[in-house]
Every structure is written in structure tokens, then in C-alpha cells.
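Keeping their order, the protein sequence lines are chains A and B. The first sequence begins at 0 in numbering that gives the first Met the number 0 and counts up one residue at a time. The second sequence begins at 0 in numbering that gives the first Met the number 0 and counts up one residue at a time. In this text, a Cβ means the ideal position worked out from N, Cα and C, and glycines have one as well. On a predicted model such as this, the values are computed, not experimentally measured, just so you know. What follows is a short report on a single structure.
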Amino acid sequence: MLLLQLLVNGIVTGCALGVVAVSFALVYATTRIFHIAHAGVYTLGGYLAWSLLAHGVPEPLALLGAMAGCTVLGAAIQHFLYAPLERRRATHLIVLIASLGALAVIQNLIAAVYSSDILEFTIPWASAVVTLGGLRLTGAQLATLALSLAAFVGMLWFAHRTLLGKRIRAVASNPFLAEITRLEPRAVYVTVIAIASAVVCIPGVLVPLDLGLQPYGGVTPLLTATIAMIAGGVGSLGGAFLFAVVIVVLQNLSLLVMPGEWSIGVTFAIFVVFMLFRPRGLFAAG
Amino acid sequence: MDYFYSYLILAEIYVLLGLSTNLLVGVVGIFSVSQAAVFGVGAYIVSDFLLSGTLSFLPALAVAAVACIVLNVLLTLPSLRVSGDYFVVTSFGIQLLATAVFTNWTGGTGGANGLPGVPPPDLFGFPLEETRQILGFTTVAAGLGCLAFWLAMRAPYGRLLKAIREDELAVAAAGKDVLRAKVSAAALAGAFAGVAGGVYATYMSFIDPSSFDLDASVLLLTMVVVGGARTLAGSIVGPFVLLALPQLLQLVAIPTTVAASARQLLYGVLLIAFAVFRPQGLAGERL
Numbered sequence: 000m001l002l003l004q005l006l007v008n009g010i011v012t013g014c015a016l017g018v019v020a021v022s023f024a025l026v027y028a029t030t031r032i033f034h035i036a037h038a039g040v041y042t043l044g045g046y047l048a049w050s051l052l053a054h055g056v057p058e059p060l061a062l063l064g065a066m067a068g069c070t071v072l073g074a075a076i077q078h079f080l081y082a083p084l085e086r087r088r089a090t091h092l093i094v095l096i097a098s099l100g101a102l103a104v105i106q107n108l109i110a111a112v113y114s115s116d117i118l119e120f121t122i123p124w125a126s127a128v129v130t131l132g133g134l135r136l137t138g139a140q141l142a143t144l145a146l147s148l149a150a151f152v153g154m155l156w157f158a159h160r161t162l163l164g165k166r167i168r169a170v171a172s173n174p175f176l177a178e179i180t181r182l183e184p185r186a187v188y189v190t191v192i193a194i195a196s197a198v199v200c201i202p203g204v205l206v207p208l209d210l211g212l213q214p215y216g217g218v219t220p221l222l223t224a225t226i227a228m229i230a231g232g233v234g235s236l237g238g239a240f241l242f243a244v245v246i247v248v249l250q251n252l253s254l255l256v257m258p259g260e261w262s263i264g265v266t267f268a269i270f271v272v273f274m275l276f277r278p279r280g281l282f283a284a285g
Numbered sequence: 000m001d002y003f004y005s006y007l008i009l010a011e012i013y014v015l016l017g018l019s020t021n022l023l024v025g026v027v028g029i030f031s032v033s034q035a036a037v038f039g040v041g042a043y044i045v046s047d048f049l050l051s052g053t054l055s056f057l058p059a060l061a062v063a064a065v066a067c068i069v070l071n072v073l074l075t076l077p078s079l080r081v082s083g084d085y086f087v088v089t090s091f092g093i094q095l096l097a098t099a100v101f102t103n104w105t106g107g108t109g110g111a112n113g114l115p116g117v118p119p120p121d122l123f124g125f126p127l128e129e130t131r132q133i134l135g136f137t138t139v140a141a142g143l144g145c146l147a148f149w150l151a152m153r154a155p156y157g158r159l160l161k162a163i164r165e166d167e168l169a170v171a172a173a174g175k176d177v178l179r180a181k182v183s184a185a186a187l188a189g190a191f192a193g194v195a196g197g198v199y200a201t202y203m204s205f206i207d208p209s210s211f212d213l214d215a216s217v218l219l220l221t222m223v224v225v226g227g228a229r230t231l232a233g234s235i236v237g238p239f240v241l242l243a244l245p246q247l248l249q250l251v252a253i254p255t256t257v258a259a260s261a262r263q264l265l266y267g268v269l270l271i272a273f274a275v276f277r278p279q280g281l282a283g284e285r286l
């Protein structure tokens with residue numbers, strides 16, 4: 000029974016991190032920027048929702064408001080940081096350093112405004128427990144499962160069925176050709192990061208319902224998400240989502256044999272295995 | 000005066016770390032946020048040997064240096080096999096894993112409480128207890144590190160490393176051994192970090208995981224970016240400037256609760272500002 004409970008917990012959190020992985024993978028596949036600051040956008044989402052709720056905004060509106068805030072932040076990072084760097088023909092290393100700098104700024108502004116301690120994020124229905132044949136599921140977990148799957152399916156539909164999604168995939172597969180056919184890669188980059196930031200806000204709000212808010216709490220989820228993206232194969236959104244679920248399930252099952260402080264070791268071991276045997280990932284495109 | 004000496008000692012220890020990070024980030028051109036982990040391993044190895052009394056200071060420092068050479072080469076190996084972006088993941092992963100080990104392996108590291116009472120450094124049985132003596136020792140250590148870095152950079156070996164960063168394929172096509180050059184640079188960087196760790200632990204006489212976490216790695220990266228890549232001057236200027244900045248922050252009345260985040264915020268702003276406006280840093284070459 001404990002095994003089944005851990006399995007279910009893993010699948011629920013895995014779906015949430017799957018959304019982080021898919022949004023990161025969309026940015027990475029399109030812009031080729033390793034967007035480390037995405038962890039900061041993820042963290043900000045939770046804090047914005049917390050503040051809006053504290054000011055008496057209804058829950059769905061608080062989520063939408065937080066998503067709007069994240070969208071603005073993501074688009075601003077692209078417009079005021081990545082785009083000028085690209086114009087100056089900065090090296091890849093410099094873009095990474097700038098992204099890390101942006102993450103440090105976001106995290107520490109949050110820490111200065113709120114506090115660097117863990118902030119309880121409690122909503123009455125979220126901590127209510129539903130029992131399904133011996134399995135205990137909290138309201139937060141049910142919401143996480145439903146919204147994460149919806150976000151994932153929505154992203155897939157968007158990328159494959161809409162005109163903007165097709166334009167994004169065209170830019171991702173060949174930026175040069177997209178440039179000369181007037182698909183305007185630069186405008187697409189802003190759009191992609193804006194969309195990814197709005198989407199990553201969803202797990203950014205839902206995961207802290209269980210674990211609480213922490214200004215520096217975005218790095219570990221982002222690490223799991225990037226490992227999932229690499230294991231799944233860059234360019235495959237489905238692969239990224241699937242591997243996020245697999246990694247988090249394995250992390251949870253590892254609780255049977257070792258304490259939770261070491262779960263980062265499990266995540267990293269999976270990464271090392273992929274680096275050694277299949278660095279291109281399982282479902283790499285092209 | 001003692002306050003100023005302790006600033007100098009710490010800055011000199013960080014010069015060694017700056018050299019180490021500069022070798023990886025500036026010279027070889029890989030993004031690393033895990034140098035504080037290697038620094039920490041050096042510090043814990045020396046502390047454990049001295050606290051248990053099995054080795055005296057210099058042999059312990061030698062063991063730490065060798066261990067950090069091996070560790071740093073192992074950590075850097077993935078960057079030789081996969082593209083630069085994947086190494087970002089390796090680097091973050093190693094740093095978070097190291098923090099988990101430092102915090103949770105209470106047997107070897109004292110866990111979150113750290114290791115108190117590390118004895119002061121000694122040279123051949125002659126303990127260095129006064130601040131001035133330690134300052135002399137760190138000056139010699141940092142000086143030797145700078146000399147090694149300077150000699151390596153002006154030798155054909157240094158030009159080979161710079162050429163690899165510019166165009167690895169062309170260097171390989173010219174018949175040079177790219178792998179050996181990168182591995183030896185990583186080894187040198189590991190030795191610097193290991194020695195710095197040992198000296199840091201014995202000078203502070205207390206170490207805990209907070210000195211070797213992700214924030215510490217970001218600080219090391221900021222030192223290289225602000226000081227400047229690939230030059231000796233950059234590796235020296237960076238640590239001296241960045242360790243002086245928190246003192247300036249104290250002049251502005253910031254409540255102590257946000258002091259730590261204000262400091263990290265400043266490092267983030269510096270990273271962005273230098274990346275956008277001055278990628279060559281104060282005294283270096285373009286990253």
C-alpha cells in the first residue's frame with residue numbers, strides 16, 4: 000500500500016514537473032537559450048498567487064493574475080536581456096551567465112520582499128483529504144493532476160494545431176529559413192518565452208500548496224525538468240513530460256530504501272546514466 | 000588592523016578560487032556553478048584529517064589537492080563528451096548533490112552544524128597561530144598559484160587552451176590533443192580549489208555547508224565575470240573587489256534579515272550588468 004501511495008504521489012508531482020519540463024523544452028528548442036531564469040519565473044508564480052489570495056482575490060482569478068505576472072516577467076527577460084545580448088553577438092557562455100544573474104536577481108528580490116524562510120501556502124480545500132480505496136489524495140494533488148494534464152495537452156494542441164504553434168516549430172527547426180520567409184524569429188522568441196512563462200506558473204502555484212513557498216525553491220524542480228528534457232530528447236515535448244513523471248516516480252520510490260534528503264542523488268544518477276549511454280535522449284527530433 | 004588582515008587573507012584564498020574558476024569558465028569556456036563544491040571537498044578533507052589527528056597540515060593539504068584534482072577531472076569529463084548546455088545540468092546537479100552530502104552526511108561533515116575547532120595550519124610542526132603568520136602563508140600560497148597560472152598562460156600550453164575555446168575542431172585538425180589539454184586544465188583548477196579549501200578551513204577554524212553552496216559558486220562565477228576572463232589581473236581584481244562590496248553594503252542601513260539576500264541580489268545585478276555592458280570584466284578578455 001505504501002508502494003502504491005508513493006507511486007501515486009510520484010505521478011502527481013511528476014505531472015506538475017512535466018509541465019515545467021515541457022515549457023522549458025519549448026523555450027530551449029526554439030531559442031536555443033538555456034533559460035536558467037525560468038526557475039525564477041516558476042518561483043514568482045507561487046508568490047504572486049499567494050499575495051493575490053491574501054488580498055482576497057478569488058482563487059481562479061489569483062491563478063490567472065499570477066500567470067499574467069509571469070508572462071510579463073518572461074517577455075521582459077527576453078526583450079531586455081536576451082535580445083540585446085543577441086544583437087551584440089554575445090557568446091553562449093555570456094547568455095548563460097546573464098540568465099543565472101537574472102535568476103539570482105528574481106530569487107533575492109522575492110527573498111527581500113517576502114522572507115527567505117518557507118512560507119506556508121494553505122487553502123482549506125487543498126489540504127482536505129479524499130480517500131480512494133486506501134489511497135490518500137489531497138485536494139491540492141487532485142487539482143495538480145487535473146491542471147497539469149490539461150496544461151500539457153493544451154501545449155501539445157497549441158504546438159501542433161495552431162498557426163502560431165506551427166510558426167514556432169518552423170523557427171525552431173530552421174531559424175535562418177524562418178528569417179528569410181518573414182516568420183520573424185525575434186518576435187516568435189518573445190512569444191515563446193511569454194507562453195512558457197504563463198504555463199510554468201501553473202505548477203509554480205500548485206506544487207507549493209503541498210511543500211510551501213521558498214525563494215530558492217525553483218532550482219531543484221528546474222534541474223529535474225532539464226534532466227527530463229535531455230532524457231526525453233530535445234525537441235520532443237511528450238518525451239520531456241514522460242521522463243519528468245518517470246524521474247519523480249523513481250525519486251518517490253527511492254524513499255522506500257533511503258531518506259528523502261538524498262533524492263537529488265537519484266535524479267542525478269538518471270542523468271549520468273543517460274549521459275553515458277544515450278546523450279541525445281530517447282525521442283530526440285532530427 | 001586585524002580586520003583588514005582578515006580581509007586580505009580571505010581575498011587571497013579567493014584569488015586561488017578565482018584562478019580555479021577562471022581556468023574552467025574563462026580559459027576552457029565551460030559554464031560552471033560547482034566550483035564551491037570542489038572547494039568544500041578540500042576544506043572537509045583537511046578538517047577531517049586534522050581533527051582526527053591522522054595527518055598534519057601539509058600532508059593533509061596534499062591529500063585534499065589530489066582528491067580535488069581527481070574530483071574536478073571527473074566533474075569536467077561530461078563537458079568533453081556532450082555539448083556545453085548539458086554541462087550546465089551537470090554543474091547544477093553536482094552542486095546540489097554536494098550540498099546534500101555536506102548537509103546530511105553527519106559522520107564526515109558534521110551535517111548542518113558544521114565542523115568546529117579545526118586546528119590552525121602548521122608548517123613542519125610550527126603552528127601558524129597569529130593572523131600575520133597566516134597572512135604570510137596565504138600570500139605565499141596565492142603567489143605560487145598566480146605564478147603557476149601566469150606560467151601556464153604564457154606557455155604554448157596556454158595558447159593551446161585559448162585556441163581550443165575559439166575553435167576546438169580546428170585545433171583537433173591541427174593534430175593537437177584536445178582531451179589531454181582540457182583534462183589537465185581541469186586538474187590544475189581542482190588543485191587550486193582543493194588547496195584553497197584546506198587553507199580556508201584552518202584559517203576559519205569552523206566550516207559548515209553554507210560556505211560551499213550554490214550561492215558560493217555563483218559568487219565565484221561573479222568574481223571571474225567582474226574581474227575578467229583569462230588574465231591573471233582579472234583573477235586577482237575580482238576577489239578583492241567582490242569581498243570588499245559587502246563591507247560597502249554595511250554602510251547603507253539594511254536590516255540584517257535581508258542582508259544576505261541583498262548581497263546575492265548585488266551579485267546577480269553585477270552578473271547581468273557585466274554580461275551586457277562589459278563582457279571583458281574590469282581587467283580581462285571577452286568571455
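Look at residue i and residue j and say whether their C-beta atoms are less than 9 Å apart.
i	j	result
B/Thr201	B/Pro119	yes
A/Leu134	A/Val21	no
A/Leu254	A/Gly17	no
B/Leu6	B/Leu219	Correcting the residue identity first, residue 6 of chain B is Tyr in this sequence and not Leu. Going by C-beta atoms, B/Tyr6 is not nearer than 9 Å to B/Leu219.
A/Phe270	A/Ala230	yes
B/Thr20	B/Ala185	no
A/Thr358	A/Val247	Coverage of chain A is limited to positions 0 through 285, which leaves residue 358 of chain A absent and any answer about it impossible.
B/Val139	B/Met203	no
B/Gln94	B/Ala188	no
B/Val45	B/Val69	no
A/Thr225	B/Val87	yes
B/Leu286	B/Val198	no
B/Leu114	B/Asp47	yes
A/Pro207	A/Ser115	no
A/Val187	A/Val170	yes
B/Leu248	B/Ala261	yes
A/Leu303	A/Ile32	Past the edges of chain A, shown from 0 to 285, lies residue 303 of chain A, and the structure says nothing about it.
Out of curiosity, what's the CA-to-CA distance linking residue i and residue j?
i	j	result
B/Val194	B/Thr256	33 Å
A/Gly238	A/Leu281	8 Å
A/Leu63	B/Leu15	49 Å
A/Ile194	A/Gly44	13 Å
A/Arg168	A/Ala65	27 Å
A/Val71	A/Tyr46	15 Å
A/Val191	A/Val233	16 Å
A/Asp209	B/Trp104	27 Å
B/Met152	B/Val170	17 Å
B/Ile8	A/Gln106	30 Å
B/Ala147	A/Arg88	33 Å
A/Leu108	B/Tyr266	12 Å
A/Ala149	A/Ala111	34 Å
B/Asn71	B/Phe30	14 Å
A/Met274	A/Ala15	24 Å
Within 10 angstroms of the Cβ of residue i, are there 16 or more other Cβ atoms? Answer buried if so, exposed if not.
i	result
A/His37	buried
A/Asn251	buried
B/Ala211	Contrary to the premise, residue 211 of chain B reads as Phe rather than Ala in this sequence. Its Cβ being crowded by 16 or more others within 10 Å, B/Phe211 is buried.
A/Ile117	exposed
B/Glu11	buried
B/Pro278	buried
A/Gly262	Rather than Gly, the amino acid found at residue 262 of chain A in this sequence is Ser. Classification of A/Ser262: buried, given that the 10 Å Cβ count is 16 or more.
B/Pro131	In the sequence on display, residue 131 of chain B carries Arg and not Pro. B/Arg131 should be labelled exposed.
B/Gln246	exposed
B/Ile271	buried
A/Met154	buried
B/Phe3	exposed
B/Phe276	exposed
B/Leu287	In this structure chain B extends from 0 to 286, so residue 287 of chain B is not present and cannot be described.
B/Arg229	buried
In the DSSP assignment, find the unbroken beta strand (DSSP E) run with residue i in it and report its ends.
i	result
A/Arg135	Leu134 to Thr137
May I ask which residues mark the beginning and end of the alpha helix (DSSP H) holding residue i?
i	result
B/Thr221	Leu213 to Gly226
B/Val100	Gly83 to Asn103
A/Leu131	Segment Val128 to Leu131 is the beta strand (DSSP E) holding A/Leu131; no alpha helix (DSSP H) there.
B/Leu49	Gln34 to Ser51
B/Lys175	Looking at the DSSP string, B/Lys175 is not in any alpha helix (DSSP H), and its letter there is neither H nor E.
A/Glu58	Glu58 to Ile76
A/Ser22	Leu1 to Thr30
A/Val286	In this structure chain A extends from 0 to 285, so residue 286 of chain A is not present and cannot be described.
B/Pro238	Leu231 to Leu250
### Query
If we count Cβ pairs, one from each stretch, closer than 8 Å, do we get three or more for the segment 26-36 of chain B versus the segment 161-175 of chain B?
By the Cβ rule, the segment 26-36 of chain B counts as touching the segment 161-175 of chain B, because three or more pairs are nearer than 8 Å.
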